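Take a look at the structure below.
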């Protein structure tokens with residue numbers, strides 16, 4: 002049975018040359034083609050635009066290294082459900098080689114250009130072309146890679162020539178680096194991928210773009226990086242779905258962004274990787290700068306000289322430069338730093354957690370450190386090996402500080418004709434310093450009066466800005482990492498923080514919906530001046546969330562610090578928080594089981610990032626429905642990091658005398674003893690999971706003689722009656738087994754002792770893979786089910802400072 006002009010084929014259908022498949026949106030076509038000046042036939046996917054067969058824009062090739070020599074090519078299914086390219090004699094030229102074997106399959110050409118293979122009776126993808134790209138990076142492709150070892154499961158390889166799609170010598174990959182970045186490497190046709198030479202480098206990802214590609218500011222790149230610590234995922238999305246666009250790695254090693262111009266009916270090159278000689282990797286060698294606007298383009302950095310002067314003078318710069326004067330660090334002397342501005346930072350950056358002011362100190366403290374750079378969105382980068390692939394830009398780029406012996410950077414002498422000007426500058430500086438000192442003392446006195454005398458507070462004057470940290474070292478500089486909003490603009494955006502714009506209220510203060518002048522919608526969290534709480538939490542949230550990036554964490558856009566006003570500005574999530582839907586009798590109907598399961602898994606992924614995959618190991622300490630925000634597609638985003646704490650890599654738990662959080666979600670060991678760890682977050686997640694399944698609040702549940710939801714679920718589970726736990730809005734025989742599994746997983750999370758609870762990776766495995774509920778461990782009795790939680794007065798007597806028993810997150814007992 003043959004097909005044509007459909008978007009899919011099903012066992013036992015066959016696609017025969019020259020038949021084609023066309024995606025539903027008519028944007029992509031799949032079939033057999035021959036390159037220019039060739040009779041070889043290949044199965045490929047190309048953009049479906051008005052162009053001749055000799056000018057197809059091919060985005061994927063199946064049998065690129067095994068062409069069929071005539072027009073007898075077929076695409077069909079094997080007995081185990083795989084796709085195969087064969088000829089009429091059944092000789093196999095290519096196979097999808099999916100590990101999952103099925104009797105009957107469907108192959109679909111999707112609207113994204115992805116060829117998707119799945120069982121005929123299931124929606125589970127068992128193979129897709131996006132996991133096996135050739136030379137094209139399309140919207141929807143995702144690259145997962147390990148930052149410690151080279152284990153690229155998805156990479157891109159160029160064609161051998163313009164008319165030969167077989168495997169070429171260039172690959173677009175991510176090499177093992179602390180900070181994600183793209184490389185084009187030349188392996189000279191070594192298809193074993195064991196040896197390669199870097200040919201081009203994008204520079205590290207700063208959260209928005211790649212630092213080595215300054216022209217990306219004019220390119221709608223659409224790239225995104227989810228950094229998970231040891232691993233990372235790079236994806237690409239096209240903001241304008243109507244565009245015919247792709248990034249292609251050409252046979253000569255150039256990465257190009259190509260866009261179809263409907264006016265001229267041609268493919269336009271919007272950007273490419275090699276715009277000048279300086280874009281070639283390591284053009285000038287080590288400790289040298291490449292500047293395409295100078296002649297010669299290569300110059301040794303100050304304090305360095307050519308390693309081979311004869312070769313250097315002839316224009317062969319590959320050996321680079323060496324120091325004129327060795328560093329004196331080991332002799333106990335202090336080195337200096339040469340500042341380079343607007344540069345592409347070198348390769349082999351080593352990331353360390355640091356505040357901006359401490360990055361230089363860390364480098365000075367390590368004799369092996371050769372250079373450092375601090376860039377917003379990345380943080381502190383150190384170089385302990387050779388400094389290579391540095392390029393000068395006219396704008397963009399970063400500041401790089403090269404370590405030199407102090408003798409290489411002497412204090413510059415004052416010129417005679419400038420002595421008068423210098424005296425004037427000194428006099429003005431001294432006077433200004435005295436004025437600033439007096440003003441600072443006055444401000445400090447005022448601040449201390451506000452903090453300790455607690456006298457009445459007045460709103461700031463318009464435009465007034467103030468350091469809220471009272472001179473605490475290293476804090477105020479951290480605001481340089483975030484955009485600062487003016488208070489008057491945020492007031493205008495929220496209609497003077499009107500009640501009609503109020504989205505909610507937390508321990509920090511109220512949250513308001515707003516719209517900036519450019520039309521961007523925002524959520525503004527305002528520190529409540531009515532209570533003495535929130536300053537530490539405000540600081541904590543700024544420092545933490547500005548350094549975290551994950552699709553299941555809320556995104557911080559900036560902050561505002563003016564007078565006594567302290568505000569955080571977030572992306573606006575239109576569906577508010579989970580509790581607004583989950584516990585509303587009418588709104589909860591919007592959350593069917595599939596949406597609730599997606600929310601559960603999304604929270605898990607966010608927790609996994611915080612606990613294991615982010616650069617910082619974070620314990621949230623206040624996980625609850627009001628801190629789970631929902632985007633327009635009801636995808637969850639964890640918010641409110643005011644209570645969060647950082648763990649080092651070897652730390653399992655910590656103790657505190659200042660217990661903070663929300664009753665009903667706090668684990669027993671934390672609420673009663675001040676011990677917190679990853680497992681205390683798992684406990685909070687377990688409560689949250691059971692609330693999502695039941696649609697009821699834990700600490701406000703008192704039905705059937707149970708003083709909280711955990712008690713009720715535990716009792717019903719022991720009586721094999723979990724159906725009574727399930728929210729009637731999602732009760733469906735098709736999902737009963739899956740929901741019952743989630744109830745058991747929830748009970749495993751809320752077990753009394755932390756060592757009994759699963760960690761988050763195990764939790765995700767249980768939710769994703771444990772289809773049979775009998776394979777799950779048997780939970781033990783949850784915490785806080787033996788008797789009621791002790792009263793606040795009992796907790797005070799116990800010597801701990803605890804939070805509240807209501808929904809608000811508290812950091813102290815007083816004031817509520």
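In my numbering, the protein residues as written are 2 to 817.
Where a beta carbon is used, it is the ideal one built from N, C-alpha and C, also for glycine.
Quick caveat: nothing in here was measured; it's all calculated off a predicted structure.
Would residue i be called buried (16 or more neighbouring beta carbons within 10 Å of its own) or exposed?
i	result
residue 334	exposed
residue 721	exposed
residue 109	buried
residue 146	buried
residue 567	buried
residue 729	exposed
residue 163	exposed
residue 766	exposed
Please confirm whether residue i and residue j have their CB atoms less than 8 Å apart.
i	j	result
residue 208	residue 45	no
residue 182	residue 211	yes
residue 362	residue 391	no
residue 512	residue 520	no
residue 409	residue 325	yes
residue 745	residue 777	yes
residue 203	residue 186	no
residue 105	residue 120	yes
residue 151	residue 173	no
residue 591	residue 626	no
residue 364	residue 383	yes
residue 288	residue 279	no
residue 693	residue 597	yes
What are the boundary residues of the beta strand (DSSP E) that residue i is part of?
i	result
residue 560	557-563
residue 718	First-last for residue 718: 710-719, but that is the alpha helix (DSSP H), not the beta strand (DSSP E).
residue 572	566-572
residue 400	399-405
residue 246	246-250
residue 94	93-96
residue 86	84-87
residue 671	Residue 671 -> not in any beta strand (DSSP E); alpha helix (DSSP H) instead, spanning 669-674.
residue 384	380-384
Can you give the beta carbon distance from residue i to residue j, rounded, assuming they're within the 8 Å contact cut?
i	j	result
residue 604	residue 639	7 Å
residue 124	residue 99	That pair is no contact at about 15 Å.
residue 549	residue 615	6 Å
residue 684	residue 761	12 Å between Cβ atoms; not a contact.
residue 42	residue 33	5 Å
residue 695	residue 727	7 Å
residue 635	residue 576	6 Å
residue 341	residue 400	7 Å
residue 201	residue 275	6 Å
Leaving out the 5 sequence neighbours to the left and right, which residues in its chain are closer than 6 Å to residue i when beta-carbon positions are compared?
i	result
residue 747	687, 690 and 691
residue 337	405, 407 and 410
residue 633	575
residue 339	303, 403 and 405
residue 555	571, 630, 638 and 640
residue 198	187
residue 232	147
residue 525	491, 495, 513, 515, 568 and 570
residue 606	553
Just to confirm the assignment, what range does the alpha helix (DSSP H) spanning residue i have?
i	result
residue 201	Not the alpha helix (DSSP H): residue 201 falls in the beta strand (DSSP E), residues 198-202.
residue 599	594-609
residue 1	With the chain covering only 2 through 817, there is no way to say anything about residue 1.
residue 263	Per DSSP, residue 263 belongs to no alpha helix (DSSP H) and is neither H nor E.
residue 362	360-365
residue 582	579-583
residue 311	310-314
residue 15	It is not in any alpha helix (DSSP H) - residue 15 carries neither H nor E in the DSSP assignment.
residue 747	737-750
Note down, in chain order, each residue of its chain lying with its Cβ closer than 7 Å to the Cβ of residue i, except the 5 sequence neighbours on either side.
i	result
residue 319	286
residue 190	170
residue 306	322, 323 and 325
Starting from the C-beta of residue i, find all residues in its chain whose C-beta is less than 8 Å away, skip the five residues before and the five after it, and write them out in chain order.
i	result
residue 237	138, 139, 140, 141, 142, 222, 223, 224, 225 and 248
residue 490	517 and 518
residue 270	257, 258 and 259
residue 19	32, 33 and 72
Counting only C-beta atoms, is residue i closer than 8 Å to chain B at any point?
i	result
residue 78	Given the protein chain composition of this structure (a single chain), no chain B is represented.
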